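Numbering (numbering that gives the first Met the number 0), first residue to last: 0 to 339.
Beneath this line is the structure, given in structure tokens, with notes to follow.
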Amino acid sequence: MADQAAPATAREWHLAARPQGWPVPADFALVEAPVRTPGPGEILVRNAYLSVDPYMRGRMNDVKSYIPPFQLGEAMDGGAVGYVVASGAEGFAPGDAVLHGLGWREYATVDARRAVKVDPSVPLSAYLGVLGMTGLTAYAGLLAVAGLKEGDRVFVSGAAGAVGSMVGQIARLKGAALVVGSAGSADKVAKLVDEYGFDAAFNYKDGPVAEQLAKAAPDGIDVYFDNVGGDHLEAAIGALNPHGRAVLCGAIAQYNETSAPVGPRNLALVIGKRLRLEGVLVGDHAALQPQFVAEVGGWLQDGSLRNEETVVDGFERTVQAFLDLLRGVNTGKMVVRLDG
Numbered sequence: 000m001a002d003q004a005a006p007a008t009a010r011e012w013h014l015a016a017r018p019q020g021w022p023v024p025a026d027f028a029l030v031e032a033p034v035r036t037p038g039p040g041e042i043l044v045r046n047a048y049l050s051v052d053p054y055m056r057g058r059m060n061d062v063k064s065y066i067p068p069f070q071l072g073e074a075m076d077g078g079a080v081g082y083v084v085a086s087g088a089e090g091f092a093p094g095d096a097v098l099h100g101l102g103w104r105e106y107a108t109v110d111a112r113r114a115v116k117v118d119p120s121v122p123l124s125a126y127l128g129v130l131g132m133t134g135l136t137a138y139a140g141l142l143a144v145a146g147l148k149e150g151d152r153v154f155v156s157g158a159a160g161a162v163g164s165m166v167g168q169i170a171r172l173k174g175a176a177l178v179v180g181s182a183g184s185a186d187k188v189a190k191l192v193d194e195y196g197f198d199a200a201f202n203y204k205d206g207p208v209a210e211q212l213a214k215a216a217p218d219g220i221d222v223y224f225d226n227v228g229g230d231h232l233e234a235a236i237g238a239l240n241p242h243g244r245a246v247l248c249g250a251i252a253q254y255n256e257t258s259a260p261v262g263p264r265n266l267a268l269v270i271g272k273r274l275r276l277e278g279v280l281v282g283d284h285a286a287l288q289p290q291f292v293a294e295v296g297g298w299l300q301d302g303s304l305r306n307e308e309t310v311v312d313g314f315e316r317t318v319q320a321f322l323d324l325l326r327g328v329n330t331g332k333m334v335v336r337l338d339g
């Protein structure tokens, strides 16, 4: 439930330095800042869960992209869900559970037009993952961008992560003939097959990705959902059948590289195979939200879709959760649960 009163100050995470290669704790600063009373059209939210996501690494670089970079010496932001403490906006009252974009802080004063009330009977962290941005990314990328068809053979990289684990399960539920995933440990590989229902999976650290993919999908693949880039994308291009489709969602393998990324070196195959490689940004698919929530919510209720989270307790551990995410420590969605 909501606090009855907000403190005068609360903690927030600032970007202290732009990382060179892999981020380190010294690139971040935990700062005590005033908690601002909401004005007209605003709400004050006590955050309960924060999201850490791979795309945030790109925002730490001072480069032009589809989303502005984090500013040095200022609070970072990202997905968050929590409870309204005070409201200056019609339609929002103290105690309401809301989803918004001002994470990386304990309390957030939010433009109510950028907040959405959510059902508090559902575990709030789900709105940061399976029923939130990551879930819609998987759903829209696989169904709208790749145009998955019944009988397709599907390969997912980063398959034990928040997006990848959902892609594989949705592909199975939608009638894919084969679902193959890659992950970075034997435990994750076993989980993909035993718990998420993948037909096959492999540890990309055990040998060349192209060789392992060829063994797992001897008849090739029709759809590739890319969360990794690099050697995975190169292997997928080699394995894709004519008129195959690759959805480019992430490239975590190269986010922390300081030199030019390697590969894919076989792009010429795209021509002869008539492949389609297309990027996906979840913001382009907001119109799918009602369909997505209805269908995925139904799968969750009847138990046909498994949702897993890695929950890190304590606001002060947000940076470590983010660093662990980049190194693949998590299974499923990585969220931070704030104290209280």
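Here a beta-carbon is modelled for each residue, glycine too, at the ideal position from N, C-alpha and C.
In this text, all values refer to a predicted model and were calculated from it rather than measured experimentally.
Span of the alpha helix (DSSP H), counted from its first residue to its last, around residue i
i: Asp323; result: 317-325
i: Arg56; result: 54-57
i: Ile236; result: 229-238
i: Asp221; result: Element bounds for Asp221: not the alpha helix (DSSP H) but the beta strand (DSSP E), 220-225.
i: Gly268; result: In the sequence under discussion, the amino acid at residue 268 is Leu, which differs from the Gly named in the question. 268-272 is the extent of the alpha helix (DSSP H) around Leu268.
i: Leu135; result: 132-139
i: Leu191; result: 185-193
Three-state secondary structure assigned by DSSP to residue i
i: Asp2; result: Low confidence applies to Asp2: its pLDDT is 42, below 50, so where it sits in the model is not reliable enough to give any reading.
i: Met165; result: helix
i: Val84; result: strand
i: Phe314; result: helix
i: Arg336; result: strand
i: Pro289; result: helix
i: Asp301; result: helix
i: Ser340; result: Past the boundaries of the shown model lies residue 340; the chain is included only from 0 to 339, so the question cannot be answered.
Of the residues the options, the one placed nearest residue i, counting alpha carbons only
i: Thr330; options: Arg112, Asp283, Ala4, Val129; result: Val129
i: Leu49; options: Leu325, Glu315, Val328, Gly327; result: Glu315
i: Arg112; options: Asp301, Ala176, Val97; result: Val97
Contact check, residue i vs residue j, beta carbons under 7 Å
i: Val34; j: His13; result: no
i: Gly40; j: Ala4; result: no
i: Pro68; j: Gly249; result: no
i: Ala185; j: Asn202; result: yes
i: Gly78; j: Leu135; result: no
i: Met333; j: Val51; result: yes
i: Pro207; j: Leu232; result: no
i: Met132; j: Val328; result: no
Limits of the beta strand (DSSP E) - the one that residue i falls within
i: Trp21; result: Element bounds for Trp21: n/a, residue is neither H nor E.
i: Pro33; result: 27-33
Near the ligand GTP: residue i beta-carbon under 6 Å from a heavy atom
i: Val121; result: Looking at this structure, you won't find the ligand GTP or any other ligand, since it has none at all.
Touch test, the segment 274-286 against the segment 302-312, Cβ-Cβ under 8 Å, three pairs minimum: Segments in contact, no.
Any 3 or more C-beta pairs closer than 8 Å across the segment 170-186 and the segment 154-161: Touching, per the Cβ criterion.
Contact the segment 126-143 vs the segment 57-74: 3+ CB pairs below 8 Å: Contact between the segment 126-143 and the segment 57-74 is absent, because fewer than three Cβ pairs lie under 8 Å.
Touching by the beta-carbon criterion (3+ pairs, under 8 Å), the segment 222-239 and the segment 117-129: The answer is no - the segment 117-129 does not touch the segment 222-239, with fewer than three Cβ pairs under 8 Å.
Three CB pairs or more closer than 8 Å across the segment 106-122 and the segment 43-63: The segment 106-122 is in contact with the segment 43-63.
Three CB pairs or more closer than 8 Å across the segment 261-270 and the segment 285-303: No: fewer than three Cβ pairs fall under 8 Å.
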